[in-house]
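Student: Numbering (the numbering used here), first residue to last: 1 to 235.
Note that the Cβ used here is the ideal one computed from N, Cα and C, for glycine as well.
Note that the structure is predicted; figures quoted are calculated from it, not measured.
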Amino acid sequence: MKRYDMHTHILPGIDDGSKSVDQSVELLNGLKTQGVEAVCFTPHYYSHMVSAQEFLKNRNSAFETLKDSIPKGLEVRLGAEVFVTNYLFSDENDLKSVCYGKSDYMLTEFPYSSDFEDDCYTNLLKIMGQGITPVFAHIERYPKLLKNHRKIKELADMGVLFQSNAVSYSELGTRKKLVKLIEQGLVHVIGTDVHSENRNSYKYYDTAIKYIEKKLGIEAVERLCKNSEEIFSKA
Ligand SMILES: [Fe+2]
Numbered sequence: 001m002k003r004y005d006m007h008t009h010i011l012p013g014i015d016d017g018s019k020s021v022d023q024s025v026e027l028l029n030g031l032k033t034q035g036v037e038a039v040c041f042t043p044h045y046y047s048h049m050v051s052a053q054e055f056l057k058n059r060n061s062a063f064e065t066l067k068d069s070i071p072k073g074l075e076v077r078l079g080a081e082v083f084v085t086n087y088l089f090s091d092e093n094d095l096k097s098v099c100y101g102k103s104d105y106m107l108t109e110f111p112y113s114s115d116f117e118d119d120c121y122t123n124l125l126k127i128m129g130q131g132i133t134p135v136f137a138h139i140e141r142y143p144k145l146l147k148n149h150r151k152i153k154e155l156a157d158m159g160v161l162f163q164s165n166a167v168s169y170s171e172l173g174t175r176k177k178l179v180k181l182i183e184q185g186l187v188h189v190i191g192t193d194v195h196s197e198n199r200n201s202y203k204y205y206d207t208a209i210k211y212i213e214k215k216l217g218i219e220a221v222e223r224l225c226k227n228s229e230e231i232f233s234k235a
């Protein structure tokens with residue numbers, strides 16, 4: 001079963017993640033030690049600060065500096081962690097351009113205080129109206145959603161996918177909540193959200209997979225990998 005990391009800040013010098021090519025290579029080698037074979041680069045795209053076009057220009061130059069140093073045995077794709085604001089929907093922005101590669105899946109981040117009965121919900125509908133499937137980054141960071149499984153289920157029934165961070169499976173309270181969500185099919189993919197050796201480290205990936213397997217069986221892990229594969233193969 002192939003292991004995927006669907007959320008990383010490994011591209012050098014573009015956001016608050018890796019600061020250099022050397023550090024990026026270290027992080028990629030770190031992921032390899034965890035058995036990860038496929039990695040999505042998802043730098044922050046703050047739609048209220050830059051246009052999609054400008055973000056893509058920066059992302060491409062960061063990728064150019066790294067691409068020849070990517071360790072052998074790793075498959076990579078380009079994506080973005082898209083912070084959704086009203087500015088995202090300006091005429092000049094092509095939303096598909098900030099999806100995972102050529103796919104119609106977009107890693108999204110909303111204000112964490114949202115209960116999705118507000119503007120965030122309207123913006124979510126706008127994204128989906130363009131034929132894009134949002135993948136909510138780190139579902140565990142939305143306290144109001146975590147307390148409202150009915151809302152999570154409603155969003156999932158609409159087609160929204162949810163990602164959780166590997167590090168959260170080493171946090172006692174959070175991991176229990178996440179396992180419940182996985183059990184109900186409400187967490188779809190895993191990522192590290194690695195920024196550095198210490199911030200959301202790659203070191204948690206294998207522990208997360210083993211914890212999920214121990215609690216829910218290998219089938220649950222297989223489902224997560226299969227969902228990631230579905231996105232990755234189209235990216
Ligand atoms: Fe992130």
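#1: Under a criterion of Cβ closer than 5 Å to any non-hydrogen atom of ligand 1, which residues qualify, in chain order?
#2: Provide the residue(s) that pair with Met106 in DSSP beta bridges, ordered along the chain.
#3: Hey, Ser228 and Tyr4: beta-carbon distance below 8 Å or not?
#4: Give, in chain order, every unbroken run of the beta strand (DSSP E) that is at least 3 residues long and sits entirely within the segment 161–220.
#5: Decide if the segment 166–180 is in contact with the segment 198–218; the criterion is three or more beta carbon pairs, one per stretch, under 8 Å apart.
#6: Roughly how many whole angstroms lie between the Cα atoms of Gly79 and Val98?
#7: Per DSSP, which residues does Asp5 bridge with? Please list them.
#8: Count the other CB atoms within 10 Å of the CB of Leu125; is the residue buried (16 or more) or exposed (fewer)?
#9: Measuring only the C-alpha atoms, how far is Asp115 from Lys72?
#10: Buried or exposed: where does Gln34 fall if 16 or more other Cβ atoms within 10 Å of its Cβ makes it buried?
#11: Apart from the five residues just before and just after Glu75, which ones in its own chain have a Cβ nearer than 7 Å to its Cβ?
#12: Less than 8 Å between the CB atoms is what I'm expecting for Gly13 and Ala52, so what's the real figure, rounded?
#13: Counting along the chain, where does the beta strand (DSSP E) carrying Arg59 start and finish?
#14: Grouping DSSP H, G and I as helix and E and B as strand, with all else coil, what is His48?
#15: Buried or exposed: where does Pro143 fall if 16 or more other Cβ atoms within 10 Å of its Cβ makes it buried?
#16: Between the alpha carbons of Thr8 and Thr207, how many angstroms are there, rounded?
Tutor: Let me spell this out:
#1: Contact residues of ligand 1 (beta-carbon closer than 5 Å to any heavy atom; chain order) are Glu81, Asp193.
#2: According to DSSP, which records beta bridges pairwise, Met106 is partnered with Pro134.
#3: Yes, Cβ-Cβ distance for Ser228 and Tyr4 is below 8 Å.
#4: Listed in chain order, the complete beta strand (DSSP E) runs (minimum 3 residues) inside the segment 161–220 are 161–165, 189–191.
#5: Output reads yes: the segment 198–218 touches the segment 166–180.
#6: When rounded, the separation of the alpha-carbon atoms in Gly79 and Val98 is 6 Å.
#7: The partner list for Asp5 (beta bridge, DSSP) reads Val39.
#8: Exposed: under 16 other Cβ atoms inside 10 Å.
#9: Straight-line Cα distance between these residues: approximately 43 Å.
#10: By the neighbour-count criterion, in which a residue is buried when 16 or more other Cβ atoms sit within 10 angstroms of its Cβ, Gln34 is buried.
#11: If we look at Glu75 and ignore the five residues flanking it on each side, its Cβ neighbours are Glu37, Ala38.
#12: The distance from the Cβ of Gly13 to that of Ala52 is about 19 Å, inconsistent with a contact at the 8 Å cut-off.
#13: Unbroken run through Arg59 is the alpha helix (DSSP H), 52–66; no beta strand (DSSP E).
#14: In this structure, DSSP gives His48 a state outside helix and strand, which the three-state scheme calls coil.
#15: Exposed is the label assigned to Pro143, since fewer than 16 other Cβ atoms lie within 10 Å of its Cβ.
#16: Answer to the nearest angstrom: the Cα atoms are 17 Å apart.
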